[in-house]
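I have placed the structure first, in the form of structure tokens, so that the comments after it can refer back to it.
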Amino acid sequence: MAQTEKKGGLLRKSSASKKPLKEKVVLMYDEIFTTEDPSKCNPRFWEELFLMKVNLEYLESKLEALDGEELMKIKDNINCLFQHCIQALGEEHPIRVVNALQTLCALIRGVHQKNKSTSGFDIINMLVGFDKAELCMKNLMESLDSLLCAEGSESLKSLCLKLLLCLVTVTDNISQNTILEYVMINSIFEAILQILSSPLSRREHGYDAVVLLALLVNYRKYESVNPYIVKLSIVDDEATLNGMGLVIAQALSEYNRQYKDKEEEHQTGFFSALTNMVGSMFIADADEKISVQTNEAILLALYEAVHLNRNFITVLAQSHPEMGLMTTPTSPVPTTPVTPLGTTPPSSDVISSAELSLDADVQTSNLLITFLKYSSIVMQDTKDEHRLHSGKLCLIILTCIAEDQYANAFLHDDNMNFRVNLHRMPMRHRKKAADKNLPCRPLVCAVLDLMVEFIVTHMMKEFPMDLYVRCIQIVHKLLCYQKKCRVRLHYTWRELWSALINLLKFLMSNETVLLAKHNIFTLALMVVNLFNMFITYGDTFLPTPSSYDELYYEIIRMHQNFDNLYSMVLRLSTNAGQWKEPASKVTHALVNIRAIINHFNPKIESYAAVNHISQLSEDQVLEVVRSNYDTLTLKLQDGLDQYERYSEQHKEAAFFKELVRSISINVRKNLAFNTLSQELLLKEFSTIS
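Quick note on my numbering: the sequence shown kicks off at 48 and runs consecutively.
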């Protein structure tokens with residue numbers, strides 16, 4: 048009778064009276080966690096282990112449950128397990144390889160979780176032993192490289208990338224992860240490039256490959272020669288660079304699509320009805336709730352590509368055949384990922400065959416357009432830390448683009464015109480622009496629109512000074528190119544001038560609050576010098592003589608703001624305070640603007656008096672301006688078309704260190720939850736040949 052009950056207990060895991068039946072693999076793990084060599088009693092122990100389905104949770108939790116001393120006691124068995132995993136990677140049977148890869152993931156994560164406070168060298172000793180570390184890690188990296196480059200299973204390649212991501216992100220600060228020294232010595236760079244250059248591999252693994260590369264590039268990048276930085280900077284293979292661009296474009300497009308879906312869902316929901324009833328007083332609060340998780344990892348990859356590789360600049364403007372018309376795939380679509388990377392465009396760029404016949408202006412998208420749309424979304428709300436970091440990185444990328452001669456050439460190319468539908472922050476005092484009325488213009492117009500949009504929408508108490516400085520710098524660099532190459536851009540410059548004047552007005556209105564936190568004179572000087580750039584060189588790059596007249600009209604019309612700014616900086620520059628020097632620089636920079644105001648204002652008043660007009664029209668003011676240029680005297684100001692080039696190491700190292708830490712934590716978290724499931728893998732290898 049007792050025997051029958053025992054049988055029942057063994058059969059029924061949930062029996063209250065008996066312990067649940069342990070899987071064989073769990074029993075084998077338990078043997079590893081003793082001080083005895085498990086192969087003594089069973090010579091086929093390691094061979095059998097890798098035929099068993101891995102129990103990741105049990106293995107990791109078992110490692111985490113041990114204290115430091117207990118772990119050291121079983122160090123030999125841990126080393127042995129690690130070495131046998133590496134040996135199993137060379138097996139012909141894919142089941143063994145799959146199980147070895149998953150066991151390595153659990154081992155690396157489990158040991159690191161247990162030893163967060165210890166140095167990386169202790170981790171290496173715990174996993175492989177110092178004496179065998181170099182050879183073992185060399186064999187591991189060579190096996191992973193072979194698996195990634197082979198024509199075999201896509202699931203195995205996926206798992207190899209997961210293992211590498213696991214290896215890279217086990218520490219928050221990847222530069223403290225000394226295991227990565229072996230990843231530097233035994234490079235897998237070429238394997239990553241091969242994935243990106245092959246359409247099939249790219250669709251399956253492109254995202255993981257790009258994120259992995261971005262992280263590896265950031266390992267001790269300021270302290271030693273990182274081979275991944277060196278190699279990435281000289282890649283010139285078109286297929287590889289385009290492949291990387293497609294993966295990045297797809298990830299950003301997916302974000303844009305999700306945001307658009309949430310926005311539409313939001314507009315048709317409860318808040319839409321409420322807004323219709325009580326007006327638009329709630330619109331800002333309502334839209335703050337539209338939130339999609341930002342993707343700093345893919346943005347970092349784009350930054351590294353743009354910053355390190357000049358050849359990648361060409362990829363920004365490449366029209367994407369995979370991002371144009373949606374076609375039915377001829378081969379079966381892989382089960383994972385559900386959306387093949389690099390193939391599905393953002394919804395705004397997808398054109399159905401039904402729409403094709405109706406619209407003669409069908410256009411494909413490119414990476415730069417997708418990136419500008421992404422930037423217009425994440426830069427709307429900088430109160431959230433992740434979005435602030437994303438917004439800053441977007442502006443850093445645009446800074447690199449604005450400094451590049453080739454990038455400027457295609458940005459300003461009249462033969463490359465696009466409609467770029469940027470997202471605009473809902474504001475009570477302006478109407479939402481109709482998407483259909485967008486003109487086709489050179490891409491630089493969209494960059495300028497984005498900068499103007501940022502300037503107009505972020506004048507608030509929590510003033511993002513750093514982002515404003517970067518924004519003005521980007522505009523300045525674009526103007527320097529236009530002046531140098533005499534590019535006459537047909538752009539609505541008035542919008543920019545108006546935004547800049549309103550920014551100065553905001554700085555003056557909030558002088559006390561802002562000066563407690565920021566040196567507002569640096570920003571004010573940059574804005575004033577943008578006007579000086581237009582005044583001094585505008586005749587070489589403004590589209591028409593009337594545009595130059597309009598510039599003077601805007602300065603004269605808004606002269607009160609410039610007068611107030613002069614009064615403020617004069618007051619502070621004559622006091623012996625901390626702002627004396629920066630304020631005096633603004634005073635000197637205002638000389639030509641003041642000369643214009645002081646020269647034309649009396650002429651306008653005289654014209655009005657002679658003609659008995661109380662208020663002059665714009666055309667009448669412009670007439671006065673045109674007829675009085677000859678007697679205007681301006682001072683030549685040096686260095687207006689000069690700028691300091693972007694330098695990451697000297698100015699941005701702290702930002703990137705923190706950003707990479709945040710990405711590493713996020714990648715690790717996502718790996719832990721849903722990417723190491725065996726079900727799909729084991730379906731592929733249901734039989735061992």
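Glycine residues also receive a C-beta, built at the ideal position from the N, C-alpha and C atoms.
Residue i - DSSP class collapsed to helix/strand/coil
{"i": "Ser202", "result": "helix"}
{"i": "Asn557", "result": "coil"}
{"i": "Arg249", "result": "helix"}
{"i": "Phe510", "result": "coil"}
{"i": "Arg304", "result": "helix"}
{"i": "Glu402", "result": "Bear in mind that a pLDDT of 28 at Glu402, under 50, signals an unreliable position, so the number given afterwards is only what the model happens to contain. DSSP places Glu402 in helix when its eight states are reduced to three."}
{"i": "Phe80", "result": "coil"}
{"i": "Arg471", "result": "coil"}
{"i": "Asn576", "result": "helix"}
Residue i vs residue j beta-carbon contact at 8 Å
{"i": "Arg156", "j": "Cys88", "result": "no"}
{"i": "Val101", "j": "Asn146", "result": "yes"}
{"i": "Val671", "j": "Lys698", "result": "no"}
{"i": "Asn608", "j": "Lys530", "result": "no"}
{"i": "Met463", "j": "Leu490", "result": "yes"}
{"i": "Pro590", "j": "Arg535", "result": "yes"}
{"i": "Arg708", "j": "Asn220", "result": "yes"}
{"i": "Leu619", "j": "Trp626", "result": "yes"}
{"i": "Tyr690", "j": "Lys524", "result": "yes"}
{"i": "Phe80", "j": "Ser86", "result": "no"}
{"i": "Asn265", "j": "Met231", "result": "no"}
Same chain only: Cβ atoms within 7 Å of residue i, ignoring 5 sequence neighbours per side
{"i": "Leu445", "result": "Val494 and Ile521"}
{"i": "Leu259", "result": "Leu208, Leu211, Leu212, Val215 and Ile239"}
{"i": "Ala261", "result": "Ala344, Leu347, Ala348 and Glu351"}
{"i": "Ile133", "result": "Cys183, Asn186, Leu187 and Ser190"}
Continuous alpha helix (DSSP H) stretch holding residue i: start and end
{"i": "Pro274", "result": "Pro274 to Ile281"}
{"i": "Ala642", "result": "Val638 to Val657"}
{"i": "Gly115", "result": "Gly115 to Lys120"}
{"i": "Ile747", "result": "Here the chain comprises residues numbered 48 to 736, so residue 747 is not present and cannot be evaluated."}
{"i": "Ile34", "result": "Nothing about residue 34 can be read from this structure; the chain reaches only from 48 to 736."}
{"i": "Pro592", "result": "Pro592 to Arg604"}
{"i": "Ser537", "result": "The amino acid occupying residue 537 in the given sequence is His; Ser does not appear at that position. That residue, His537, is in no alpha helix (DSSP H); it is neither H nor E in DSSP."}
{"i": "Trp93", "result": "Phe92 to Leu96"}
{"i": "Tyr266", "result": "Segment: none, Tyr266 is in no alpha helix (DSSP H) and carries neither H nor E."}
{"i": "Gln452", "result": "Gln452 to Leu458"}
{"i": "His140", "result": "Premise fails: His140 is in no alpha helix (DSSP H) and is neither H nor E."}
{"i": "Leu589", "result": "First-last for Leu589: undefined, no H or E at that position."}
{"i": "Asp428", "result": "Element bounds for Asp428: n/a, residue is neither H nor E."}
C-alpha gap between residue i and residue j, whole angstroms
{"i": "Ser694", "j": "Cys487", "result": "34 Å"}
{"i": "Ile235", "j": "Ser248", "result": "15 Å"}
{"i": "Leu718", "j": "Leu543", "result": "45 Å"}
{"i": "Ser753", "j": "Ser300", "result": "Residue 753 falls outside the range modelled here, since the chain spans only 48 to 736, and no answer is possible."}
{"i": "Tyr676", "j": "His646", "result": "9 Å"}
{"i": "Ala364", "j": "Tyr421", "result": "16 Å"}
{"i": "Ile448", "j": "Gly292", "result": "15 Å"}
{"i": "Val362", "j": "Asn289", "result": "6 Å"}
{"i": "Ile519", "j": "Leu526", "result": "11 Å"}
{"i": "Ile276", "j": "Ser222", "result": "14 Å"}
{"i": "Ser412", "j": "Ile242", "result": "23 Å"}
{"i": "Asp178", "j": "Ile121", "result": "17 Å"}
{"i": "Thr680", "j": "Ala642", "result": "7 Å"}
{"i": "Glu342", "j": "Tyr302", "result": "This sequence places Asn at residue 342; Glu is not what is there. Those two C-alpha atoms are separated by around 8 Å."}
{"i": "Glu285", "j": "Arg541", "result": "40 Å"}
{"i": "Arg471", "j": "Val499", "result": "11 Å"}
{"i": "Ala180", "j": "Ser244", "result": "32 Å"}
{"i": "Phe588", "j": "Arg533", "result": "5 Å"}
{"i": "Met99", "j": "Ile125", "result": "18 Å"}
{"i": "Leu106", "j": "Val217", "result": "16 Å"}
{"i": "Ile640", "j": "Ser545", "result": "15 Å"}
{"i": "Glu70", "j": "Thr82", "result": "21 Å"}
6 Å CB neighbourhood of residue i in its chain, flanking five on each side removed
{"i": "Pro511", "result": "Thr429 and His505"}
{"i": "Asp192", "result": "Ile235 and Ala238"}
{"i": "Gln684", "result": "Asn579"}
{"i": "Lys632", "result": "Leu572"}
Chain-order list of residues whose beta-carbon lies under 8 Å from that of residue i (same chain, five-residue window excluded)
{"i": "Leu687", "result": "Asn576, Asn579, Met580, Thr583 and Tyr584"}
{"i": "Phe129", "result": "Leu151, Leu154, Leu174, Val175 and Cys183"}
{"i": "Ser205", "result": "Glu251, His252, Asp255 and Thr383"}
{"i": "Glu335", "result": "Unreliable placement is indicated for Glu335, whose pLDDT of 46 sits below 50; no coordinate value is reported for it."}
{"i": "Thr569", "result": "Val516 and Pro629"}
{"i": "Asn358", "result": "Val282, Asp283 and Leu288"}
{"i": "Val560", "result": "Lys508"}
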